[in-house]
Amino acid sequence: MTIAVYLPAASSTQNWCQMLGDLMPDWDIRAFDQIEDPASVTYAVVWRPRVGDLARFPNLKAIVSIGAGIDHVLLDTEVPRHVPVIRTVGTDLTQLMKEYVALHTLRMHRNLPQMQANQAASKWDAIVVPPAPERRVGVMGLGNLGAASAQLLAQIGFQTVGWSRSPKEIGGITTYAGMAGLPDFLAGTEVLVCLLPLTDSTRGILDANVFNQLQRGASIINAARGPHLVDSDLLAALESGQVSHATLDVFHIEPLPVDHPFWSHPKITITPHVASMIDAPTGSKIIARNLRLFDQTGSVPDLADVARGY
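Sequential numbering from 22 applies to the sequence shown in this note's numbering.
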């Protein structure tokens, strides 16, 4: 049983091979570039595979995404669409995303960026903010990460609303669904959190149309995927004051190019795709468990819907 592993950085690939090998000593685990017989590969564990890499393996039973999203796998235009794709999610990763969303929602709620600017200017200004129950926070995307994050925000006390492609019911949260429900979801929202999967229908969804439907001076948190955001529309919304601040963890090109205007923008906070980063020790345990279960039963709870893209 051979597992082929690929990440863009060779050192990361070897690290994951080592971790998986320690957990699965009865399996042959190799980097893609070390595969001598493509027909021997039954599983592939990947992050951002190169176009055509996965099509090399004629006996592939499943592809494992090193992450909750599968959009990076489907960017491979030659990926065999009949092969199941397993997402990598777990309690540790959900916890990390909840922490990130709560941290930056509270930063926006308590206007910490302005306080930091005041400190730099030696300016004493007691900024008054409403209590959390008077602040409406909207979460776009109500999958595992989105639902858990929305529930935590509601527990903190925020007026929490959620939006998803199809109807969802989550205790303590008002939910909206589909494009018909989007205007009501956005109306009055002061902090907008994007945790959507990246699909053809969500690409570019964070645009001027969405920004203009938020309460004026709203803030944006994008911890999903860079292509959800129309960069030029965000810059225009920040310039006009329709959006007061944006916290961005993901970008169209990563690492973010050093000459990108986001780096120096005073109303943008950048984090380097760390909201719910999967480290090899944690992720390899989840992947090893999923692979053993899939090999035994032909299914796992974290199986993605390839047709939907998540």
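The beta-carbon is built from N, C-alpha and C at its ideal position, and this holds for glycine as well.
Given that a residue counts as buried once 16 or more other Cβ atoms are within 10 Å of its Cβ, and exposed if not, what is residue 284? As a working note, residue 284 is residue 263 in the sequence shown. It is exposed - the Cβ of residue 284 has fewer than 16 other Cβ atoms within 10 Å.
Measure how close the beta-carbons of residue 79 and residue 60 come, nearest whole angstrom, since I'm counting them as under 8 Å. Residue 79 sits at position 58 when you count from the first residue of the sequence shown. Residue 60 sits at position 39 when you count from the first residue of the sequence shown. That belief holds up - the Cβ atoms of residue 79 and residue 60 are roughly 6 Å apart, short of 8 Å.
For residue 22 and residue 99, what's the separation of their Cα atoms in angstroms? As a first step, residue 22 is located in the sequence shown; it is residue number 1 there, counting from the start. As a first step, residue 99 is located in the sequence shown; it is residue number 78 there, counting from the start. Cα to Cα, the separation comes out at about 23 Å.
Less than 9 Å separating the beta-carbons of residue 119 and residue 316? To locate residue 119, count along the sequence shown from 1; it is residue 98. To locate residue 316, count along the sequence shown from 1; it is residue 295. Taking 9 Å as the Cβ cut-off, residue 119 and residue 316 do not qualify as a contacting pair.
With three or more C-beta pairs closer than 8 Å as the rule, is the segment 150-159 touching the segment 280-294? no
What does the alpha-carbon distance come out to for the pair residue 229 and residue 250? Numbered from its first residue, the sequence shown carries residue 229 at position 208. Numbered from its first residue, the sequence shown carries residue 250 at position 229. Rounded to the nearest angstrom, the two C-alpha atoms are 10 Å apart.
DSSP three-state call for residue 52: helix, strand or coil? Counted from its first residue, the sequence shown places residue 52 at position 31. Of the three classes helix, strand and coil, the one that applies to residue 52 here is strand, per DSSP.
Just mark residue 211 as buried or exposed, buried being the case when its beta carbon has 16 or more other beta carbons within 10 Å. Indexing the sequence shown from 1 puts residue 211 at position 190. When all chains shown are included, residue 211 counts as buried.
Under 8 Å, with one C-beta from each stretch per pair, do the segment 129-147 and the segment 89-106 reach the 3-pair mark? no
Residue 50 versus residue 57 - alpha carbon distance: As a working mapping, residue 50 is identified with position 29 in the sequence shown. As a working mapping, residue 57 is identified with position 36 in the sequence shown. Using only the alpha carbons, I get a separation of about 12 Å.
Where residue 297 falls, given that 16 or more other Cβ within 10 Å makes a residue buried: One-based indexing of the sequence shown puts residue 297 at position 276. So residue 297 ends up on the buried side.
Residues in the same chain with beta-carbon distance under 8 Å from residue 29, minus the five sequence neighbours each way, listed in chain order, please. Translated into positions along the sequence shown, residue 29 becomes position 8. For residue 29, where only same-chain residues beyond five positions count, the Cβ hits under 8 Å are 68 and 69.
Candidates 32, 27 and 85: closest to residue 309 by CA position: What you label residue 309 is simply residue 288 of the sequence shown in a count that begins at 1. Checked all of 32, 27 and 85; the closest Cα to residue 309 is 85.
Classify residue 147: buried if its beta carbon has 16 or more other beta carbons within 10 angstroms, exposed otherwise. Against the sequence shown, residue 147 aligns to sequence position 126. Exposed, by the Cβ-count rule.
On the DSSP letters alone, give me the boundaries of the alpha helix (DSSP H) that residue 212 sits inside. Within the sequence shown, the letter at position 191 stands for residue 212. No alpha helix (DSSP H) contains residue 212, which is instead part of the beta strand (DSSP E) from 212-215.
Buried or exposed: which applies to residue 160, given that a residue is buried once 16 or more other Cβ atoms fall within 10 Å of its Cβ? Along the sequence shown, read from residue 1 onward, the residue named residue 160 stands at position 139. Buried, because 16 or more other Cβ atoms sit within 10 Å of the Cβ of residue 160.
Taking the alpha-carbon positions, what's the residue 96 to residue 219 distance? For the purposes of this step, residue 96 is identified with residue 75 of the sequence shown, where counting begins at 1. For the purposes of this step, residue 219 is identified with residue 198 of the sequence shown, where counting begins at 1. Going by the C-alpha atoms only, they are around 11 Å apart.
Using CA atoms only, rank isn't needed, just tell me which of 26, 186, 254 and 258 is closest to residue 238. Position 217 of the sequence shown, counted from the first residue, corresponds to residue 238. Nearest option by C-alpha distance: 258.
Buried or exposed: where does residue 333 fall if 16 or more other Cβ atoms within 10 Å of its Cβ makes it buried? Absent from the model: residue 333. The displayed extent of the chain is 22 to 331, so no value can be given.
DSSP has residue 86 in a bridge; who is on the other side? Taking the sequence shown and counting its residues from 1, one reaches residue 86 at position 65. DSSP output for residue 86 lists 67 as bridge partner(s).
Which two residues bound the contiguous beta strand (DSSP E) that contains residue 157? The residue given as residue 157 occupies position 136 in the sequence shown. First-last of the beta strand (DSSP E) with residue 157: 157-161.
CB-CB under 8 Å to residue 311, same chain, minus the five flanking residues each way: which ones, in chain order? Position 290 of the sequence shown, counting from 1, holds the residue named residue 311. So the qualifying residues of the chain are 85, 107, 109, 321 and 323.
DSSP beta-bridge partners of residue 23: Reading the sequence shown from its first residue, position 2 is the one you call residue 23. In DSSP, residue 23 forms a bridge with 49 and 62.
Which term fits residue 184, buried or exposed, when burial requires 16 or more other beta carbons within 10 angstroms of its beta carbon? As a first step, residue 184 is located in the sequence shown; it is residue number 163 there, counting from the start. Per the 10 Å Cβ criterion, buried.
Residue 197, enclosing beta strand (DSSP E) - first and last residue: What you label residue 197 is simply residue 176 of the sequence shown in a count that begins at 1. Looking at the DSSP string, the run of the beta strand (DSSP E) that includes residue 197 is 195-198.
By the 10 Å Cβ neighbour count, where 16 or more other Cβ atoms means buried, how is residue 40 classified, buried or exposed? Within the sequence shown, the letter at position 19 stands for residue 40. Residue 40 is buried by the Cβ-count criterion.
Identify every residue that forms a DSSP beta bridge with residue 324. Residue numbering aside, residue 324 sits at position 303 when the sequence shown is read from its first letter. Looking at the DSSP assignment, residue 324 forms a beta bridge with 107.
On the three-state DSSP scale, how would you describe residue 240? To locate residue 240, count along the sequence shown from 1; it is residue 219. Three-state result, residue 240: strand.
Nearest residue (CA-CA) to residue 46, options 247, 305, 265 and 232: Taking the first residue of the sequence shown as position 1, residue 46 is located at position 25. The shortest Cα separation from residue 46 among 247, 305, 265 and 232 belongs to 305.
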